[in-house]
Amino acid sequence: MKRYASLLLLLTLLCSACKTDYANLPTYTPNKQLQAVIETPAGNNHKMVFDRTSQEFISEKEAGKDRIIRFLPYPGNYGFIPSTEVGGKGAPLEVLVLSERAETGTVIEIIPIGVLQLEIAGELHPQIIAIPARPSEQLISAHDFRSFSKQYPAIKKILEDWFLHHNAAAKTRMGGWRDDKFADQMIQRWMKL
């Protein structure tokens, strides 16, 4: 029985050391497809984040309590582009993937279709807007900023309104939209080498 308990303890320790470091996954797959890590699923009001220290997804805290979006739920799957770091602050590029709900911890191949620039407290906060790379997972048929703007102006307006109002304390201002080429340049710029 002692041998079984020792083996179980050893397996438990080994498994706890096997956590995926989502922050340092490759930015691109071997077939050159951009990846996103989903933190907060579409339709969720509880903001989830990947904690680099524990390598676990946890609820973001606000005043010591779980942060709950007291507005409409997330209009897409929210997360980050792995192995990117914006401005040396340790924060990765944020991404909103327009697709059906993907659970926290899902790694999905994406196509960026634009960047929504937000200004919060005088700093720019780019939000990459993307669709899944797999056609079977796509809900909209736009594959670049031009087609997105032409075919889905209402989605653009909804995203603007959501980002401007989902966090009243942040005093967010609209900084404008940038195209898919700008998104690609931004990803290249902030990739960790």
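In the numbering used here, the protein residues as written are -2 to 190. Beta carbons: idealized from backbone N, C-alpha and C, even for Gly.
- Under DSSP, residue 56 takes part in a beta bridge, and its partners are 45.
- Taking the Cβ atoms as the reference, residue 125 lies roughly 6 Å from residue 90, within the contact range of under 8 Å.
- Using a Cβ distance threshold of 8 Å, residue 77 and residue 36 count as a contacting pair.
- The residue among 157, 105, 170 and 42 with its C-alpha nearest the C-alpha of residue 121 is 170.
- Annotated three-state conformation of residue 125 is strand, per DSSP.
- Under the three-state reduction of DSSP output, residue 39 falls in the coil class, being neither helix nor strand.
- With a 10 Å radius around the Cβ and a threshold of 16 neighbouring Cβ atoms, residue 138 comes out exposed.
- About 14 Å separates the beta carbons of residue 92 and residue 20, which is beyond the 8 Å limit, so they are not a contact pair.
- Annotated three-state conformation of residue 82 is coil, per DSSP.
- In the pairwise beta carbon analysis, the stretch 129 to 148 is classified as not touching the stretch 53 to 61: fewer than three pairs are separated by under 8 Å.
- Assignment of beta-bridge partners to residue 75 by DSSP yields 37 and 93.
- Proximity to residue 180 across 41, 158, 117 and 108 peaks at 108, based on C-alpha coordinates.
- Note that the C-beta distance between residue 127 and residue 110 is below 8 Å.
- For residue 157, no beta strand (DSSP E) segment is defined; the enclosing uninterrupted segment is the alpha helix (DSSP H) at 150 to 162.
- If you look at residue 65, you'll find it isn't in any beta strand (DSSP E); DSSP assigns it neither H nor E.
- By the neighbour-count criterion, in which a residue is buried when 16 or more other Cβ atoms sit within 10 angstroms of its Cβ, residue 38 is buried.
- Following the DSSP letters along the chain, one finds residue 114 inside the beta strand (DSSP E) bounded by residues 104 to 117.
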